[in-house]
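Residue numbers (my numbering): 54 to 229. In this text, a Cβ means the ideal position worked out from N, Cα and C, and glycines have one as well.
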């Protein structure tokens, strides 16, 4: 079979280098793109990201877990965590946690604390909890991350009594 099949040079003549060159460019770009994918996911792999929250309620769940972690840290000496530390505790990528922290900061429930540079090294801010969970309503967080309060959803808000829920009702303490 191999003896009877014509080669590239027999079919294409002197133009045999063109399809070989195109095939070589294709293979090289596949390898380059594969390397880019591995490089893009390497920080997540090294950080030990164990889950990738997705779905409509994922930002809300991540926000509640973040509030739980920061509530637990109120009793510690640090009082808060930097973004990479918080992402490692929650086992998510820092890029997934950034929009959740932005939402919590916009609600003034979490705040960044920037420390003075020591030895010329400026540290990223630590995030600390600014509210008391037992007296803060859950409704603003629900409206921002999950379910906007529209006239068509007003019966749901009323019947589910979402206005009366507090953060302490839904935030659980971390399991570490």
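- Beta-carbon proximity check, residue 163 vs residue 181, cutoff 8 Å: By 1-based counting over the chain shown, the position of residue 163 is 110. By 1-based counting over the chain shown, the position of residue 181 is 128. The answer is yes: Cβ separation under 8 Å.
Give the range of the alpha helix (DSSP H) segment to which residue 153 is assigned.
Looking up residue 153 in the chain shown gives position 100. Here the alpha helix (DSSP H) through residue 153 covers 147-159.
| said: Starting from residue 223, trace the alpha helix (DSSP H) in both directions and tell me its first and last residue. | reply: As a first step, residue 223 must be located in the chain shown, where it is residue number 170. 220-223 is the extent of the alpha helix (DSSP H) around residue 223.
| Which word fits residue 212, buried or exposed, when buried means at least 16 other C-beta atoms lie within 10 angstroms of its C-beta? | Position 159 of the chain shown, counting from 1, holds the residue named residue 212. Residue 212 is exposed by the Cβ-count criterion.
Would you mind listing the alpha helix (DSSP H) stretches within the stretch 181-219 that are 4+ residues and don't spill past its ends, in chain order?
-> 192-198, 207-212
So, do the stretch 154-163 and the stretch 182-193 have three or more beta carbon pairs nearer to each other than 8 Å?
-> yes
Assuming the contact rule is C-beta atoms closer than 8 Å, residue 170 and residue 136 should be a hit. Round their C-beta distance to whole Å, please.
Counting from 1 along the chain shown, the entry for residue 170 is found at position 117. Counting from 1 along the chain shown, the entry for residue 136 is found at position 83. With a Cβ gap of about 18 Å, residue 170 and residue 136 do not count as contacting.
According to DSSP, which residues form a beta bridge with residue 134? Your numbering for residue 134 matches position 81 in the chain shown. 180.
Three-state secondary structure (DSSP) at residue 165?
-> Counting from 1 along the chain shown, the entry for residue 165 is found at position 112. Reduced to three states, the DSSP call for residue 165 is strand.
Can you give me the C-alpha to C-alpha distance between residue 70 and residue 81, rounded to a whole angstrom?
Residue mapping note: residue 70 aligns to position 17 of the chain shown, counting from 1. Residue mapping note: residue 81 aligns to position 28 of the chain shown, counting from 1. Cα to Cα, the separation comes out at about 16 Å.
For the alpha helix (DSSP H) that residue 128 lies in, which residues bound it at each end?
As a first step, residue 128 is located in the chain shown; it is residue number 75 there, counting from the start. No alpha helix (DSSP H) contains residue 128, which DSSP labels as neither H nor E.
**Item:** Inter-residue spacing [alpha-carbon to alpha-carbon] between residue 147 and residue 108
**Value:** In the chain shown, residue 147 corresponds to position 94, counting from 1. In the chain shown, residue 108 corresponds to position 55, counting from 1. Between residue 147 and residue 108, the C-alpha separation is close to 18 Å.
Item to complete: Verify whether the separation of the beta carbon atoms of residue 194 and residue 114 is less than 8 Å.
Response: Counted from its first residue, the chain shown places residue 194 at position 141. Counted from its first residue, the chain shown places residue 114 at position 61. It is not a contact, given that the beta carbons lie outside the stated cut-off.
If you draw a straight line from the C-alpha of residue 156 to the C-alpha of residue 198, how long is it?
To locate residue 156, count along the chain shown from 1; it is residue 103. To locate residue 198, count along the chain shown from 1; it is residue 145. Distance between the alpha carbons of residue 156 and residue 198: 8 Å.
Fill in: Residue closest to residue 111, alpha-carbon to alpha-carbon, out of 127, 126, 83, 152
To locate residue 111, count along the chain shown from 1; it is residue 58. Considering only alpha carbons, the answer is 152.
Please classify residue 130 as buried or exposed, where buried requires at least 16 neighbouring CB atoms within 10 angstroms. Counting from 1 along the chain shown, the entry for residue 130 is found at position 77. Label assigned to residue 130: exposed.
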